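In the working numbering, the protein residues as written are 148 to 400.
Backbone N, C-alpha and C fix where the C-beta goes; we use that ideal spot for every residue, glycine too.
Bear in mind that the values here come from a model prediction, so they are computed numbers and not experimental data.
Worksheet for the structure shown next.
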Ligand code: CIR
């Protein structure tokens, strides 16, 4: 069960965020409206939501998931792989002192972003991607083992982050897309397969038995409902323009 979430207000500088999407420039006012909808969905799932003030220096700082990994025993501050995102961790690390007595950190030359980490019970899957290098992953594995968790690495081929194509929905149910569909690492899960046209919707979030899904991906939504979950749809089109999805927009703990 999650009790809280941390989000960060979109900055006007959002228009300068990193992207490979080719979907146009995000509209600031629309992004603010969608972010409010997103917060409402978190509240509906029973979470207390802490909203961090924006920082105009960091166009991608709404994607708080990449800045930290929050486990039941400790918080671990990440080391973003892109220069423009490195400073985002400071405000998050300060805020996390309110909630965690144990805070660890990944150090250079390690790089790692939260979007590359998927928690499945006590095990953490770590994607080795353009943003997460082996050094970063190995540092994280050492920390996790010290706290009694287990972890393993998976090399990514095309996806930005591990959770761009995977979402663990608890109860052994795993939403899978693209390069992960036939990956043997995940064959023990009940896989809910996302077809190519709906790839973007592989990034859903499970919160206390409700799954938040991106608006407009009806097949994925109905498969998740058939698996027994309630769903809430949220329009995140403006964040998609920056390669961001639902999970990236919050830290849940
Ligand atoms: C970036 O490229 O870093 C941002 N524009 C998008 C980050 C998305 N984060 C995530 O998938 N966890």
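| Item | Value |
| --- | --- |
| What residue from 324, 274, 150 has the CA that sits closest to residue 349's CA? | 324 |
| With a 10 Å radius around its C-beta and 16 neighbouring C-beta atoms as the bar for buried, classify residue 224 as buried or exposed. | buried |
| Going by C-alpha distance, which of 242, 176, 219, 264 is nearest residue 153? | 242 |
| Can a CB atom of chain D be found closer than 9 Å to the CB of residue 368? | Within the model displayed, chain D is absent; a lone protein chain is all it includes. |
| How close, in whole Å, do the beta carbons of residue 236 and residue 214 come, if the pair is a contact with beta carbons under 8 Å? | 5 Å |
| From residue 178 to residue 383, what does the alpha carbon distance come to, in whole angstroms? | 8 Å |
| Can you say whether residue 253 is buried or exposed, counting buried as having 16 or more other CB atoms within 10 angstroms of its CB? | buried |
| Determine, using beta carbons only, whether residue 228 and residue 160 come nearer to each other than 9 Å. | no |
| Along the beta strand (DSSP E) that carries residue 301, what are the first and last residues, could you check? | 297-302 |
| Flag this pair as touching only if the region 200-209 and the region 367-381 have three or more C-beta atom pairs under 8 Å; answer yes or no. | no |
| Could you give the uninterrupted runs of the alpha helix (DSSP H) lying entirely in the region 186-224, keeping only those of 4 residues or more? | none |
| How would you label residue 251, buried or exposed, when you count the other beta carbons within 10 angstroms and need 16 or more for buried? | buried |
| Take every Cβ of the region 333-352, pair it with every Cβ of the region 310-323, and state whether three or more of those distances are shorter than 8 Å. | yes |
| Could you check if residue 379 belongs to the surroundings of the ligand CIR, using beta carbon to heavy atom distance under 8 Å? | no |
| Check whether the Cβ of residue 384 sits closer than 8 Å to any heavy atom of the ligand CIR, and report yes or no. | no |
| Does the region 352-366 come into contact with the region 391-400, if we say contact requires no fewer than three beta-carbon pairs (one atom in each stretch) closer than 8 Å? | yes |
| Any heavy atom of the ligand CIR closer than 8 Å to the beta-carbon of residue 355? | no |
| So, are the CB atoms of residue 305 and residue 275 less than 9 Å apart? | no |
| What distance in whole Å lies between the Cβ atoms of residue 165 and residue 396, which are believed to be in contact at a cut-off of 8 Å? | About 15 Å; that fails the 8 Å criterion. |
| List, from N- to C-terminal side, the alpha helix (DSSP H) runs of 4 residues or more that fit wholly inside the region 317-351. | none |
| Got a sec, what are the start and stop residues for the beta strand (DSSP E) residue 155 sits in? | 151-155 |
| Under 7 Å Cβ to Cβ from residue 341, same chain only, skipping five residues before and after it: list those, please. | 322, 323, 324, 348, 349, 367 |
| If I follow the unbroken beta strand (DSSP E) through residue 380, where does it start and stop? | 377-381 |
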